[in-house]
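Residue numbers (the working numbering): 340 to 905. Beta carbons: idealized from backbone N, C-alpha and C, even for Gly. Data first, discussion second: the structure below is written as structure tokens.
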């Protein structure tokens, strides 16, 4: 770090491992003891439910390139029923598609983890097929993670119970996506408090990771025994909660050489979620499933409860990727984080004392990130057709990095610094200088809110020039007016040293972290002031009734949620 109180972070080049306080050598102990043990044991536990249907073979051709495609109608990854609480959906089933290009460039495969439902069928996704053809690597596409919907026993009224006279069970609700994950976290926290749940595999991320591991098992077998073209290792990727699964899969499976989590900007959950709450004054509606269950409120310190509970710390030790990074689980793996500036789930920048990127940079083979401006959580079309001519499209950014990761091609390294005056400073390697460096910025009027549906296409770019040393780029936009907030970051474009089966590989595009102005005197983030009052007791004059203004409380949830939580 340069300057008193200055925050520092690094994006490391290939093979670089740096960081203060590391214990080197055989038998080293890093981070909290035991991190990863529970998940590893769960994933490796034998499960007689694992099976898959015989793969049906097709071919896919584009621009003279051909791939053999193996479609598996159903892979059953496991049976998951902790404490007998799963009423329906304990058999986890997934369609699986394996796209094997006839022109292989390497024997690395991409596992792409996707969502869906138990009704999902195997189909060839054009973007993934193009990635397979362009990269010359197999692509394995698993859907329906988590296997959903899920019905839990305490959300079902049995026949003849509680005025249910229908003769059949009455399902209060089925859960999918974040609602299912939030339920599982709540169960873990409650069971832990009761003293008998600490070892139970309640977090839904556990079976999600196991399903991803079973997809790799299945793909290895099919490619070796059916296609007779085995693979050596995997790169794993997925978006949102599948990005969360990506992190944890890479942390516990030695076959994974690199991970690319997409739109899951929540490393170091305790710090990240506290920063989120400070920025908005509430939980973003996109994560209301967790708010309704009161889960995230238990994962952040408050003035009343400055230290997390034992059960909250235990949960973070199971599901927070930061804990795994801190424990060195990514030391020999490359990491690429692809995020959206306008993500509705997560804030784009880091909290004051969030060292997650420094830890990741020091304890991974190479850590890089890219931000996509003017898009929300859906990334503005990540799964649309690849445009090889536009290196700034999400698909091209991912493909460019994946080509390098799968071929072990050298990735550029640069260091980033947050200066105390609010600037971002990037120092590049003069032997591998970028072709273009830009600053992206956007202003949020009257609030610290950069969500896409709030700002729209507000992010704009200007070109940056290097300082006299030829290595340093500094970005510091004009300070925002009082009450406004300005986000900005530095973006760098490099020539790609990897190759593509389609010809020239797209350029590599990486970013510094996002920073938000104004900052305080030591460069730390600042937040709006939120005033909360009891309008009927403390401030009877705080609100008034009128034709144009009416106080209103909005409560979200099903009738079950209302009765159970409120």
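C-alpha distance - residue i paired with residue j, whole-angstrom precision
i, j, result
"residue 617", "residue 685", "12 angstroms"
"residue 395", "residue 433", "15 angstroms"
"residue 507", "residue 495", "10 angstroms"
"residue 629", "residue 545", "18 angstroms"
"residue 532", "residue 671", "36 angstroms"
"residue 781", "residue 509", "50 angstroms"
"residue 436", "residue 554", "10 angstroms"
"residue 486", "residue 470", "25 angstroms"
"residue 667", "residue 652", "19 angstroms"
"residue 687", "residue 826", "9 angstroms"
"residue 699", "residue 693", "12 angstroms"
"residue 649", "residue 602", "29 angstroms"
"residue 359", "residue 704", "Annotation note: pLDDT 31 at residue 359 (below 50); position unreliable, coordinate value reported separately. Roughly 16 angstroms separates the two Cα atoms."
"residue 606", "residue 501", "43 angstroms"
"residue 689", "residue 769", "28 angstroms"
"residue 517", "residue 580", "8 angstroms"
"residue 764", "residue 854", "11 angstroms"
"residue 752", "residue 767", "7 angstroms"
"residue 864", "residue 712", "21 angstroms"
"residue 410", "residue 740", "27 angstroms"
"residue 511", "residue 636", "25 angstroms"
"residue 654", "residue 418", "22 angstroms"
"residue 735", "residue 551", "24 angstroms"
"residue 447", "residue 563", "13 angstroms"
"residue 641", "residue 408", "52 angstroms"
"residue 392", "residue 570", "21 angstroms"
"residue 453", "residue 481", "6 angstroms"
Cross-strand partners of residue i (DSSP beta bridge)
i, result
"residue 407", "398 and 439"
"residue 430", "418"
"residue 678", "710"
"residue 842", "839"
"residue 849", "831"
"residue 450", "479 and 575"
"residue 777", "802 and 830"
"residue 514", "489"
"residue 507", "According to DSSP, which records beta bridges pairwise, residue 507 is partnered with nothing at all."
"residue 521", "Beta-bridge pairing links residue 521 to no other residue."
"residue 688", "853"
Check whether residue i and residue j have beta carbons under 9 angstroms apart
i, j, result
"residue 406", "residue 472", "yes"
"residue 761", "residue 831", "no"
"residue 442", "residue 404", "yes"
"residue 476", "residue 745", "yes"
"residue 828", "residue 851", "yes"
"residue 811", "residue 778", "no"
"residue 558", "residue 479", "yes"
"residue 416", "residue 549", "yes"
"residue 794", "residue 587", "no"
"residue 456", "residue 523", "no"
"residue 661", "residue 599", "no"
"residue 750", "residue 673", "yes"
"residue 758", "residue 836", "no"
"residue 425", "residue 528", "no"
Nearest-angstrom Cβ-Cβ length linking residue i and residue j, presumed shorter than 8 angstroms
i, j, result
"residue 610", "residue 572", "The Cβ separation is near 32 angstroms, so there is no contact."
"residue 466", "residue 725", "6 angstroms"
"residue 371", "residue 656", "6 angstroms"
"residue 715", "residue 790", "7 angstroms"
"residue 542", "residue 658", "5 angstroms"
"residue 718", "residue 730", "Between residue 730 and residue 718 the Cβ distance is about 16 angstroms, and since that is not below 8 angstroms, they are no contact."
"residue 584", "residue 608", "Between residue 608 and residue 584 the Cβ distance is about 15 angstroms, and since that is not below 8 angstroms, they are no contact."
"residue 742", "residue 623", "With a Cβ gap of about 34 angstroms, residue 742 and residue 623 do not count as contacting."
Residue i: CB within 8 angstroms of a non-hydrogen atom of the ligand ATP
i, result
"residue 780", "Questions concerning the ligand ATP fall outside what the structure shown contains, since it holds no ligand whatsoever."
Any chain D beta carbon closer than 9 angstroms to residue i
i, result
"residue 865", "In the structure shown, chain D does not exist; there is a single protein chain."
*For the segment 548 to 631, list the alpha helix (DSSP H) runs that are entirely contained and at least 4 residues long, ordered along the chain.*
580 to 591, 608 to 619 and 627 to 631
*Which runs of the alpha helix (DSSP H) fall wholly inside the segment 728 to 771 and span at least 4 residues, in chain order?*
733 to 746
*In chain order, which alpha helix (DSSP H) runs of at least 4 residues are fully inside the segment 784 to 844?*
791 to 794
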